[in-house]
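J.: Here's a structure for you.
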Amino acid sequence: MNQILKKCLCFLICILWVYPACSAIRIDVTGAKSDPLPFAMPPLTGDNYTTRSLGEQMTEVVVADLERSGLFRYIQPEAYIQNLPSVDHRPNFNDWQAINAQALIHGDLKSTPDGKIKVSFRVWDVFAQSQMEAKVLTTDEGSWRKLAHIIADTIYQRITGETGYFDTRIVFISEYGNQRNRKKRLTIMDQDGANVRYLTDSREMVLTPRFSPNMKEVTYFSYKDGKPKVYIMNLETGASELVGDFPGMTFAPRFSPDGKKLIMSLSVRGNTDIYTYDLETKQKKRITNHPSINTSPGYSPDGKKIVFNSDRSGNQQLYIMDADGSNVQRISFGEGSYATPVWSPRGDYIAFTKIKNGQFHIGLIRPDGSGERLIANGFLVEAPTWAPNGRVLMFFRQERSTGWGDGGTAKLYTIDITGYNERLIQTPEDASDPAWSPLLH
Amino acid sequence: MNTRSYSFLLSLLLHGLIISLMVMEFSWGREDFQKTPPALLMIDLTKVQIEDKTNLPPQIKKKAEQPKKTVPSVSKPKQDLTPKVSKAPAQKPTTVKPKETPPQKNAVQVKEPKKPSPKKTTQKAKETPKKTTASPKKPVKSSQKTASSQPTNNLKSLLASVDKVRKPITPSPIQTQSVEEPVDQQVTEGIQGGTGGSLTQILSISEQDLIANKLRGCWNVDAGAAGVDEMIIEIRADITRDGRVKLAKILNNNNHPSFRSVAESARRAVYICDNLGEESPFKILAEKRPENYNDWKEIYIRFDPATGGVF
Numbered sequence: 006m007n008q009i010l011k012k013c014l015c016f017l018i019c020i021l022w023v024y025p026a027c028s029a030i031r032i033d034v035t036g037a038k039s040d041p042l043p044f045a046m047p048p049l050t051g052d053n054y055t056t057r058s059l060g061e062q063m064t065e066v067v068v069a070d071l072e073r074s075g076l077f078r079y080i081q082p083e084a085y086i087q088n089l090p091s092v093d094h095r096p097n098f099n100d101w102q103a104i105n106a107q108a109l110i111h112g113d114l115k116s117t118p119d120g121k122i123k124v125s126f127r128v129w130d131v132f133a134q135s136q137m138e139a140k141v142l143t144t145d146e147g148s149w150r151k152l153a154h155i156i157a158d159t160i161y162q163r164i165t166g167e168t169g170y171f172d173t174r175i176v177f178i179s180e181y182g183n184q185r186n187r188k189k190r191l192t193i194m195d196q197d198g199a200n201v202r203y204l205t206d207s208r209e210m211v212l213t214p215r216f217s218p219n220m221k222e223v224t225y226f227s228y229k230d231g232k233p234k235v236y237i238m239n240l241e242t243g244a245s246e247l248v249g250d251f252p253g254m255t256f257a258p259r260f261s262p263d264g265k266k267l268i269m270s271l272s273v274r275g276n277t278d279i280y281t282y283d284l285e286t287k288q289k290k291r292i293t294n295h296p297s298i299n300t301s302p303g304y305s306p307d308g309k310k311i312v313f314n315s316d317r318s319g320n321q322q323l324y325i326m327d328a329d330g331s332n333v334q335r336i337s338f339g340e341g342s343y344a345t346p347v348w349s350p351r352g353d354y355i356a357f358t359k360i361k362n363g364q365f366h367i368g369l370i371r372p373d374g375s376g377e378r379l380i381a382n383g384f385l386v387e388a389p390t391w392a393p394n395g396r397v398l399m400f401f402r403q404e405r406s407t408g409w410g411d412g413g414t415a416k417l418y419t420i421d422i423t424g425y426n427e428r429l430i431q432t433p434e435d436a437s438d439p440a441w442s443p444l445l446h
Numbered sequence: 547m548n549t550r551s552y553s554f555l556l557s558l559l560l561h562g563l564i565i566s567l568m569v570m571e572f573s574w575g576r577e578d579f580q581k582t583p584p585a586l587l588m589i590d591l592t593k594v595q596i597e598d599k600t601n602l603p604p605q606i607k608k609k610a611e612q613p614k615k616t617v618p619s620v621s622k623p624k625q626d627l628t629p630k631v632s633k634a635p636a637q638k639p640t641t642v643k644p645k646e647t648p649p650q651k652n653a654v655q656v657k658e659p660k661k662p663s664p665k666k667t668t669q670k671a672k673e674t675p676k677k678t679t680a681s682p683k684k685p686v687k688s689s690q691k692t693a694s695s696q697p698t699n700n701l702k703s704l705l706a707s708v709d710k711v712r713k714p715i716t717p718s719p720i721q722t723q724s725v726e727e728p729v730d731q732q733v734t735e736g737i738q739g740g741t742g743g744s745l746t747q748i749l750s751i752s753e754q755d756l757i758a759n760k761l762r763g764c765w766n767v768d769a770g771a772a773g774v775d776e777m778i779i780e781i782r783a784d785i786t787r788d789g790r791v792k793l794a795k796i797l798n799n800n801n802h803p804s805f806r807s808v809a810e811s812a813r814r815a816v817y818i819c820d821n822l823g824e825e826s827p828f829k830i831l832a833e834k835r836p837e838n839y840n841d842w843k844e845i846y847i848r849f850d851p852a853t854g855g856v857f
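Protein chains in written order, with this note's numbering: chain A, 6 to 446; chain B, 547 to 857.
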C-alpha cells in the first residue's frame, strides 16, 4: 500500500517537475526556399598595375564560376556601400546586410620577390557576422586562371559543403563540316570553355573519350587504321596506344576508379559482352556471358559494382552487377530504352540516356532502381558525364539536320541534378561526347 | 472488509491519478525536441485554452519558472559545430544596441506593475497603468483590500477553473487565437487576479505558424545538397527584450559533410529574419508577449527542409 502511494507520489512529482520544462517556445520550420545565394565580391585589389589588372580578371573568373553553378548570385560592385580598405579589415556588416549580400568575399593580390603572385582572401558570413574562410594561395603568374578556379572551389566548398568542380577539365569531340562528312577531333579544355587544345587531327574518327582517375591519360574509341578499337593517349606526351589485342571491335571504354583497369565492350561475331583489361598485366577478363547485347559498362565509385545496359529483357534496360559479373540485377523498368549509364562520383545516382517516343532524355535513377526522373530532353541528348562532386551533369544536345546534311549543330550543356540551371558551354566548334575530369588540385 | 477498503483506496488513488493526468493534459514526460511530430501541436492548442483562463497565482508561477532554467542544461551536451560562432556574440551587441532603444517603452510598462507588489498585481492595476506610475503606493492598498475577500473569491474561481479545465475536452471551445487578437489583452477571472496569459503555452498555434512561415521565407537551402532531405537542424535563438536576436546557436551536429553548410543556412535564416525590422518574426513576441519575456528569451527552432519541401 505504502509502496503504491510512494510510486504514485513519485510519478506526480516527476510530472510536475518535467511539465514546466516543456514550456520553452519551440518553432518547427518545415521547408525552405532554394534561391541562389547573393554574394558580394569587390575586385581583388593589387599593389601595382599588373596585380590590379590580374586581380580584376581573376575576380571575373571566380564570379563566373560561382554564378554558373546556379547556387550563387553576384551583386554588382555598383551596389556596394562600403569600400573595403584591406583584406585584414573587418567589414562593416550593416553595409553589406543593407544590400542583402549573404556572403562577402574580399581579397588582395600581391607580387612576391620571386616573381610569383600571392592571393589572400576571406569569406565572410554577413548576417552571422563571422569569418567562414581565410586562405593565402601562391602560384606563377601564368597559372592565374587555375588559381581563380581554386579560389572559386574553396568558396563553393565552404558555403555549400560540397567539393568544388571548377578546377577541372573537359575532354570532348570537336566537330565541324557537313553531317555527311563530319570531321571530329579529340579536344581538351577547362570546364569554363577556356584553354581549348586539340589532341588529335581530323583524319581519324574519334568517339567516347574518358579521363583516367589521375588525369594523365585519356581512353577513347577510334577508327584509326580503319579498325574500330579502344586507345589510350598520354596527355603529357600526346602518344596514343592501342589497348589489348582483341579479336573483334572494342568500344565504350572507361577506367576503373583505381585507374588500374579498363572496362569496355567487346563485340565478336555479333555478340557483345563486357570485358575488363588490366593495364599492368595486360590480361583481359570476361565479365558478362550472355547472348544479348551487354554494353556501356561503368564502375561504382568504390569499384565494387558495375552498371551497364543490356537488351536481355527485350529492350535496352539498366542493370547492376558485382565487379566480378555475379549478382546481376535489373534496376530500370520504365517505358522506352535506357543507355549510357554513368555512376555518380557521389554514389547516390546513376545518370542515363533514355529514348522514349522518339525523344531523347537525360535522366537520373538511384542505384536501387528508385527515384527515376528526367532532367533534360531534346532531339538528341546523350553522353551524360558527372562533375567530380556529383552535383552537376554535362551532356551534349544535337539539333535536327536537314536531308542535305546541313544543320545538326551539337553543343555541350551542364545541368544541376535538381533539373534546374541548364547552361550552354561555349566551344569554338560543335561539340559532343564530353567527359569531365576529376578535380585537379 | 479489509480487502474492500484496500480496493476502494486503490481505486480512489487510481481515479485521483487519472484526474491529475487530465489536469496535466496527459502531457507526461518531456517532448523530445528532435522527434516532436507536428501533429502534437494540436494538443498544445488546448493548453492555450486552459492556461489562459486558469490563472495560477504568481507564487506557483514563480516556482514553475524555476525548472525552466534547466532547459539550457539539457541542451548543453549539444554544442555548436563551429568554434567561430563564439566570435559573433562579442560584436553583435554593438550593432544591436542602437536598434533596441525605440521599443524600450514597452519594457518600461512591463516592469512598472511589478514594482508595487509582485505577488498581488491586480487586473485593475494593469488596465490603468497611468495611475500606478503616478502613485505606486495606491495599488498596494487596493490589493490589500481585495485580500480580505479572498476566501470566497478563491472558491468561486477554483470552481470556475475546474469547469474550464473540463471545457477544452469537448471540441466546441477549441478556437485558435488569431494574431490580431493577442491573448494578453483578454480579461481573465483568475485566482487572486492573475495577469492572464499562459504558464505553459506562450504562443497560439497561429502565432507559431506565423513565426515558422517567416523563418521559412528567410531560409535558403541548396535543394541538391547531398543528404539534405535527412537533415534536421536545431537552433537556439537568444532574443532581447525588444525582439532582436542576440545570438543564434546551432545545437546539434551531424557527420555529413553538407550538414555544416545547411546548419549555417538555418542560422543565417534566423539572422536574416531578425533583420527584417518590423516584419521580423521575433518582434511578434516583443509586441504581443512583453510580460512573458522570461518565457521567450530563448527560442528553440527546429529546421526540417524535407517535410515541407524546398520551394
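Glycine included, C-beta positions come from ideal geometry on N, C-alpha and C.
#1: Nearest to A:P262 by alpha carbon, out of A:G75, A:F44, A:P350?
#2: Does B:S804 come within less than 9 angstroms of chain A when only Cβ atoms are used?
#3: Secondary structure at B:A771, three-state DSSP: helix, strand or coil?
#4: Could you check whether A:L240 and A:M269 sit closer than 9 angstroms to each other, using their CB atoms as the reference points?
#5: Beta carbon of A:K234: closer than 8 angstroms to some heavy atom of the ligand ADP?
#6: CB A:K189 to CB A:V211, shorter than 9 angstroms?
#7: Locate the beta strand (DSSP E) running through A:Y181, then write down its first and last residues.
#8: Hey, could you find the ends of the beta strand (DSSP E) A:W348 is sitting in?
#9: Return the residue from the list A:D353, A:G166, A:N97 that minimises the CA-CA distance to B:K804.
#10: Is the Cβ of B:D626 closer than 9 angstroms to any Cβ of chain A?
#11: Mark A:I86 as exposed unless 16 or more other C-beta atoms lie within 10 angstroms of its C-beta, in which case mark it buried.
#12: With C-beta atoms as the reference, is A:I430 less than 9 angstroms away from A:Q196?
#13: Roughly how many whole angstroms lie between the Cα atoms of B:S551 and B:L558?
#14: Out of A:R174, A:I175, A:E209, which has the shortest C-alpha to C-alpha gap to A:N186?
#15: What's the call for B:L861, buried or exposed, on a 16-neighbour Cβ count within 10 Å?
#16: Within the same chain, show all residues whose beta-carbon is closer than 6 angstroms to that of A:E72, passing over the 5 residues directly before and after it, in chain order.
#17: Got a sec: is the Cβ-Cβ distance from B:A832 to anything in chain A below 9 angstroms?
#18: Since A:A108 contacts A:L42 with CB under 8 angstroms, what's their CB separation in whole angstroms?
#19: Using the Cα positions of A:N99 and A:G303, report the straight-line distance between them to the nearest angstrom.
#20: Residues of chain B with CB closer than 7 angstroms to the CB of A:L42, please, in chain order.
#21: Which first and last residues belong to the beta strand (DSSP E) in which A:F226 is found?
#22: If you measure between the beta carbons of A:W441 and A:F77, is that distance less than 9 angstroms?
#23: Would you kindly check if the distance between the Cβ of A:L445 and the Cβ of A:R163 is under 9 angstroms?
#24: For A:K229, which residues in chain B fall below 7 angstroms Cβ to Cβ?
#25: Can you check whether the CB of A:F384 is closer than 9 angstroms to the CB of A:F365?
#26: Between the stretch 98 to 109 of chain A and chain B, which residues of the former have a C-beta closer than 8 angstroms to a C-beta of the latter?
#27: I'd like to confirm the pairing. Which residues does DSSP put opposite A:R428 in its beta bridges?
#28: Starting from B:L761, find everything on chain A with Cβ-Cβ shorter than 8 angstroms and list it in chain order.
#29: Measuring straight from C-alpha to C-alpha, what distance separates A:K310 and A:T293?
#30: Using the Cβ count rule (16 or more neighbours within 10 Å means buried), how would you classify A:G319?
#31: In the DSSP assignment, find the unbroken alpha helix (DSSP H) run with A:I155 in it and report its ends.
#32: Can you pull the DSSP bridge partners for B:E844?
#33: Would you report the Cα separation of A:T242 and A:R95, rounded to the nearest angstrom?
T.: Let's see:
#1: Against the first sequence, residue 262 of chain A aligns to sequence position 257. Among A:G75, A:F44, A:P350, the Cα nearest to that of A:P262 is on A:P350.
#2: Position 258 of the second sequence holds residue 804 of chain B. Yes, B:S804 lies at the interface with chain A (some Cβ there is under 9 angstroms from its Cβ).
#3: The residue given as residue 771 of chain B occupies position 225 in the second sequence. Note: B:A771 maps to coil in three-state DSSP.
#4: For this step, residue 269 of chain A is matched to residue 264 along the first sequence. For this step, residue 240 of chain A is matched to residue 235 along the first sequence. No.
#5: Although the ligand ADP was asked about, the structure shown includes no ligands whatsoever.
#6: Taking the first sequence and counting its residues from 1, the one referred to as residue 189 of chain A is at position 184. Taking the first sequence and counting its residues from 1, the one referred to as residue 211 of chain A is at position 206. Their beta carbons are under 9 angstroms apart, which means A:K189 touches A:V211 by this criterion.
#7: Translated into the one-based positions of the first sequence, residue 181 of chain A becomes position 176. Start and end: 174 to 181.
#8: Here residue 348 of chain A refers to the residue found at position 343 of the first sequence. Per DSSP, A:W348 belongs to the beta strand (DSSP E) from 342 to 348.
#9: Here residue 804 of chain B refers to the residue found at position 258 of the second sequence. Checking the sequence shown, residue 804 of chain B turns out to be Ser, not Lys. The shortest C-alpha separation from B:S804 is found at A:G166.
#10: Taking the second sequence and counting its residues from 1, the one referred to as residue 626 of chain B is at position 80. In this predicted model, B:D626 has a pLDDT of only 37, less than 50, meaning its place in the structure is not dependable enough to derive any value.
#11: Residue numbering aside, residue 86 of chain A sits at position 81 when the first sequence is read from its first letter. With fewer than 16 other Cβ atoms within 10 Å, it is exposed.
#12: One-based indexing of the first sequence puts residue 430 of chain A at position 425. One-based indexing of the first sequence puts residue 196 of chain A at position 191. In this structure, A:Q196 lies closer than 9 angstroms to A:I430 by Cβ.
#13: As a working mapping, residue 551 of chain B is identified with position 5 in the second sequence. As a working mapping, residue 558 of chain B is identified with position 12 in the second sequence. Roughly 10 angstroms separates the two Cα atoms.
#14: Taking the first sequence and counting its residues from 1, the one referred to as residue 186 of chain A is at position 181. Comparing Cα positions, the closest option is A:E209.
#15: Here chain B has residues from 547 to 857 only, and residue 861 of chain B is not among them.
#16: Indexing the first sequence from 1 puts residue 72 of chain A at position 67. Result list for A:E72: Y79, in chain order.
#17: Within the second sequence, residue 832 of chain B is the residue found at index 286, counting from 1. No - not a single Cβ of chain A is within 9 angstroms of the one on B:A832.
#18: By one-based count along the first sequence, residue 108 of chain A stands at place 103. By one-based count along the first sequence, residue 42 of chain A stands at place 37. About 6 angstroms separates the two Cβ atoms, so the contact holds.
#19: Taking the first sequence and counting its residues from 1, one reaches residue 99 of chain A at position 94. Taking the first sequence and counting its residues from 1, one reaches residue 303 of chain A at position 298. Cα-Cα distance, rounded: 51 angstroms.
#20: Reading the first sequence from its first residue, position 37 is the one you call residue 42 of chain A. What A:L42 touches in chain B: N766.
#21: If you number the first sequence from 1, residue 226 of chain A lands on position 221. Looking at the DSSP string, the run of the beta strand (DSSP E) that includes A:F226 is 222 to 227.
#22: Position 436 of the first sequence, counting from 1, holds the residue named residue 441 of chain A. Position 72 of the first sequence, counting from 1, holds the residue named residue 77 of chain A. Cβ distance not < 9 angstroms, so A:W441 and A:F77 don't count as in contact.
#23: Here residue 163 of chain A refers to the residue found at position 158 when the first sequence is read from its first residue. Here residue 445 of chain A refers to the residue found at position 440 when the first sequence is read from its first residue. No, the pair does not count as a contact, with Cβ atoms beyond the cut-off.
#24: For the purposes of this step, residue 229 of chain A is identified with residue 224 of the first sequence, where counting begins at 1. Against chain B, the beta carbon of A:K229 has no neighbour under 7 angstroms; the closest one sits roughly 40 angstroms away.
#25: Here residue 365 of chain A refers to the residue found at position 360 of the first sequence. Here residue 384 of chain A refers to the residue found at position 379 of the first sequence. Closer than 9 angstroms, so yes.
#26: F98, N99, Q102, Q107
#27: The residue labelled residue 428 of chain A in the question sits at position 423 within the first sequence. In DSSP, A:R428 forms a bridge with A:T419.
#28: Reading the second sequence from its first residue, position 215 is the one you call residue 761 of chain B. Within chain A, the residues near B:L761 are I32, V34.
#29: As a first step, residue 310 of chain A is located in the first sequence; it is residue number 305 there, counting from the start. As a first step, residue 293 of chain A is located in the first sequence; it is residue number 288 there, counting from the start. Going from the Cα of A:K310 to the Cα of A:T293 covers about 13 angstroms.
#30: Looking up residue 319 of chain A in the first sequence gives position 314. Classification for A:G319: exposed.
#31: Taking the first residue of the first sequence as 1, we reach residue 155 of chain A at position 150. Note, A:I155: alpha helix (DSSP H), 149 to 165.
#32: Against the second sequence, residue 844 of chain B aligns to sequence position 298. In the DSSP output, where bridge partners are listed per residue, B:E844 has B:D784.
#33: Against the first sequence, residue 242 of chain A aligns to sequence position 237. Against the first sequence, residue 95 of chain A aligns to sequence position 90. For A:T242 and A:R95, the distance between alpha carbons rounds to 48 angstroms.
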